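Asks: Residue numbers (my numbering), protein chains in the order written: chain A, 1 to 331; chain B, 1001 to 1331.
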DNA sequence: CAAGTCATGGCAACCGATTGCCATCGCCGG
DNA sequence: CCGGCGATGGCAATCGGTTGCCATGACTTG
């Protein structure tokens, strides 16, 4: 690999001039610069990003920390984030932390010195740990609010409201909520919004769980729901909802005939499962993209910007897992 | 951030000694080393990976290039790869190239100087381009064979054979294959193995397509299949198979009653779609893990190892999308 | 006791870029 | 004709580790 020294020698100029020909366009004579670039091109010169990063700190690397890469929730987020990063000439480092707070710390420890900024997808770390992190590197948090730290969140309240309204319009009066992890900020939001919406519409809501935010977790909820008197269920997320539907099917409870089910997030899979899942669609790609853009914005301006969390709209996608309440529950 | 110079000053030794205390355990007096480590610990010293990487080239970074992060095919591969990387104290850089050869080149160009090695998930690049790449950095190719370059592949031939045998045992005599992208190495393998297996069992196979390896691609295949005389279809991959099933459902062709469908890969979604998909399960996590391990092995030994591609077994997972051939096709 | 070996630590070059500061030169206005 | 300014290019320090080589001193061995 040729270096600026090689190019400089070939051009008969100093290395610093070569460097400036690339990074300080106006700083060097136009003709000289053109000649240098020409020669560099011919020699196949590429700047070594490590060498550049050492004195400047500009690695052009951003980290996206996700709790579980195999969770379809992240697919579109990753893609959106990567797109925004690429557009800004950054490379995205996706770190999977396997739902473990310790793995998360280790992954961050490893990646932090390399990256210029961090996007924390639904982190399992404590607020204070995140704040410590945010002092080391510009940070944006996804789907969680920490005062003082920029965050991008889905408008879950609105989504939950839509879901409850939808169920109410189908004459459900008795709704269940399948709770996710206690530590989940989104879970709290969703539950609260549901309760409020239910109160407005004069419905009854019950909380079940917590359950693991996985297919298995949803499956475990099935007997609980089957034994309850709710005619509709809103699940913490799509994975749980799908797991629940499969569990209910195994118990011979039909969806949506006997029980209506609504999920959250609209992940890949919500559409292909059977019955296709009615769900509150989170703007996943936009979430990832906007998070990275916010991060980059915060990195370029010296002043910590954006005090308020950015709220991205959620919409209800009605599919086949919700239906008008049956006259009576099956025995 | 304290540096080795700070630690050295605090200990009254030379920076080189501090460096060796960490990287050359035996090279420095045990007591001195212990003292240095102690002081370093107290000062919160962390080696700067950039500074270390500059002279040594050891970035502890590996790249995994995937054609599309949102393709569920990659989820487990990514996880397996990341696990193997983490175990070896490496960090995995996942690059999404959006199914575009040019984006792939650009992403590689950006990442290559940073990483010590590359795993190419189903690459869209030409063989020669890959060979050029492989000269720059140790490379392992996934699901594709290039002589001279280590590769890890699924035993598609065996999988395809199993699929055909399964269909034969269900009395299907007339089988269709939904082809994937022309450029796909796996597509060629699967089709060839199917033909051979069909010949052995005295079945008839027809090739349809190519179709895009997506849900949409599968949907587009539905009318073609409906109009054909095959009673069973093997699709290029699960995404196509699921798309096909949805398309057939829309045309009122029932699966598996009218047509049996088999996919490839056993992605997330194969299990939750309806009917649950019978598919040739690729050992996805193992594939990713083994690819990284092969890469690391190749990096440590100076000699290019492993001439033969590693063949990982594929198994048929029988679910609900295949059934005994009906007496007659619906009109 | 002399010569050789080993353990230990320091010096300084090096990786490849960036950048503050200085030198040179041409040109301009006074 | 002189002082000053802008344009241009070079020098050398710097980022933070790594490592080849050398110096020192202790210990072993014949």
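Idealized CB from N, CA, C, for every residue including glycine.
Given the structure is predicted, the values throughout are model-derived calculations rather than measurements.
With a cut-off of 8 Å on the beta carbons, I'd call residue 111 of chain A and residue 85 of chain A a contact; round off their distance for me.
Replies: The pair is not a contact, with the Cβ atoms about 14 Å apart (cut-off 8 Å).
Asks: Determine the burial state of residue 1289 of chain B: buried for a count of at least 16 other Cβ atoms within 10 Å of its Cβ, exposed for fewer.
Replies: Counting Cβ neighbours within 10 Å, residue 1289 of chain B comes out buried, since at least 16 surround it.
Asks: Within the chosen definition, does the stretch 139–151 of chain A reach the stretch 1068–1079 of chain B through at least 3 CB pairs nearer than 8 Å?
Replies: The stretch 139–151 of chain A, when compared against the stretch 1068–1079 of chain B, does not touch it at the 8 Å Cβ threshold.
Asks: Give, in chain order, every residue of the stretch 1040–1056 of chain B whose Cβ lies closer than 9 Å to some Cβ of chain A.
Replies: Listed by position, the residues of the stretch 1040–1056 of chain B near chain A (Cβ gap below 9 Å) are 1046, 1047, 1048, 1049, 1050, 1051, 1053, 1054.
Asks: Check whether the Cβ of residue 1228 of chain B lies closer than 8 Å to any Cβ atom in chain A.
Replies: So no, residue 1228 of chain B is outside the interface.
Asks: Whose CA, out of A/38, A/156, A/2, lies closest to the CA of residue 287 of chain A?
Replies: Residue 287 of chain A has its Cα closest to that of A/156, out of A/38, A/156, A/2.
Asks: If we count the other Cβ atoms within 10 Å of its Cβ and call it buried at 16 or more, is residue 107 of chain A buried or exposed?
Replies: Result: buried.
Asks: Does the beta-carbon distance from residue 1048 of chain B to residue 113 of chain A come in below 8 Å?
Replies: Closer than 8 Å, so yes.
Asks: So with CB distances below 9 Å, who are the chain B contacts of residue 91 of chain A?
Replies: The contacting residues are 1093, 1095, 1107, 1110, 1111, 1114.
Asks: Please list, in chain order, the chain A residues whose beta carbon lies closer than 7 Å to that of residue 985 of chain B.
Replies: Given that chain B is displayed from residue 1001 to residue 1331, the structure contains no residue 985 of chain B and the question cannot be resolved.
Asks: For residue 68 of chain A, name the three-state secondary structure that DSSP assigns.
Replies: Here residue 68 of chain A sits in coil by DSSP.
Asks: Whole angstroms are fine: how far does the CA of residue 1263 of chain B sit from the CA of residue 1234 of chain B?
Replies: Distance between the alpha carbons of residue 1234 of chain B and residue 1263 of chain B: 6 Å.
Asks: Could you compute how far the alpha carbon of residue 1326 of chain B sits from the alpha carbon of residue 1254 of chain B?
Replies: Looking at the two C-alpha atoms, the distance is approximately 11 Å.
Asks: Looking only at its chain, what residues have a beta carbon closer than 7 Å to the beta carbon of residue 1030 of chain B, apart from the 5 residues adjacent to it on each side?
Replies: Result list for residue 1030 of chain B: empty, nothing under 7 Å.
Asks: Closer than 7 Å, Cβ to Cβ, to anything on chain A: give me those residues from the stretch 1259–1277 of chain B, in chain order.
Replies: Here the close residues are 1268, 1269, 1272, 1273, 1274.
Asks: In terms of DSSP beta bridges, what is residue 174 of chain A paired with?
Replies: According to DSSP, which records beta bridges pairwise, residue 174 of chain A is partnered with A/204.
Asks: Please list, in chain order, the chain A residues whose beta carbon lies closer than 9 Å to that of residue 1022 of chain B.
Replies: Per Cβ cutoff of 9 Å: no residues; residue 1022 of chain B is ~15 Å from chain A at best.
Asks: Kindly indicate which residue of B/1147, B/1210, B/1052, B/1166 has the alpha-carbon position closest to the one of residue 1181 of chain B.
Replies: Checking every option, the nearest Cα to that of residue 1181 of chain B belongs to B/1210.
Asks: Decide if residue 1160 of chain B is buried, meaning its Cβ has at least 16 other Cβ atoms within 10 Å, or exposed.
Replies: Flag for residue 1160 of chain B reads buried.
Asks: With C-beta atoms as the reference, is residue 232 of chain A less than 8 Å away from residue 172 of chain A?
Replies: For residue 232 of chain A and residue 172 of chain A, yes; Cβs fall inside 8 Å.
Asks: In whole angstroms, give me the CA-to-CA distance for residue 1317 of chain B and residue 1277 of chain B.
Replies: Spanning the two alpha carbons is a distance of roughly 8 Å.
Asks: Measure the C-alpha to C-alpha separation of residue 196 of chain A and residue 1136 of chain B and round it to an integer number of angstroms.
Replies: Cα to Cα, residue 196 of chain A sits roughly 60 Å from residue 1136 of chain B.
Asks: Rounded to the nearest angstrom, what separates residue 1124 of chain B and residue 1074 of chain B at their Cα positions?
Replies: Distance between the alpha carbons of residue 1124 of chain B and residue 1074 of chain B: 15 Å.
Asks: So, is residue 1283 of chain B buried or exposed, given that buried needs 16 or more other C-beta atoms within 10 angstroms?
Replies: With 16 or more Cβ atoms within 10 Å of its Cβ, residue 1283 of chain B is classed as buried.
Asks: Please compile the residues from chain B whose C-beta is within a distance smaller than 7 Å of the C-beta of residue 208 of chain A.
Replies: Correct list: empty, because the minimum Cβ distance to chain B is about 21 Å.
Asks: Does the distance from the C-beta atom of residue 1244 of chain B to that of residue 1221 of chain B stay below 8 Å?
Replies: In contact: residue 1244 of chain B and residue 1221 of chain B (Cβ atoms closer than 8 Å).
Asks: Hey, could you find the ends of the alpha helix (DSSP H) residue 1134 of chain B is sitting in?
Replies: First-last of the alpha helix (DSSP H) with residue 1134 of chain B: 1127–1136.
Asks: Considering just the uninterrupted stretch of the beta strand (DSSP E) at residue 1315 of chain B, what are its terminal residues?
Replies: Unbroken beta strand (DSSP E) run through residue 1315 of chain B: 1315–1317.
Asks: Can you name the residues of chain B whose CB is closer than 7 Å to the CB of residue 149 of chain A?
Replies: The premise fails here: residue 149 of chain A is roughly 21 Å from chain B at the closest Cβ pair, so nothing lies under 7 Å.
Asks: Can you check which of these residues, A/58, A/162, A/88, A/241, is closest to residue 315 of chain A by C-alpha distance?
Replies: Among A/58, A/162, A/88, A/241, the Cα nearest to that of residue 315 of chain A belongs to A/162.
Asks: Take the Cβ of residue 307 of chain A as the centre, count every other Cβ of all protein chains shown within 10 Å, and call the residue buried at 16 or more, exposed below.
Replies: Residue 307 of chain A comes out exposed.
Asks: Hey, is residue 256 of chain A's beta-carbon within less than 8 Å of any beta-carbon in chain B?
Replies: No, residue 256 of chain A lies away from the interface with chain B (no Cβ there is under 8 Å from its Cβ).
Asks: To the nearest angstrom, report how far apart residue 1237 of chain B and residue 71 of chain A are at their CA atoms.
Replies: Taking the straight line from one Cα to the other gives about 20 Å.
Asks: Starting from residue 1022 of chain B and walking both ways along the alpha helix (DSSP H), at which residues does that stretch end?
Replies: From DSSP, the alpha helix (DSSP H) with residue 1022 of chain B extends over 1015–1023.
Asks: Under the assumption that residue 1118 of chain B contacts residue 1312 of chain B (Cβ atoms under 8 Å), give the Cβ distance between them as a whole number of angstroms.
Replies: Contact doesn't hold; Cβ gap of about 19 Å is too wide.
Asks: Check whether the Cβ atoms of residue 62 of chain A and residue 132 of chain A lie closer than 8 Å to each other.
Replies: For residue 62 of chain A and residue 132 of chain A, no; Cβs fall outside 8 Å.
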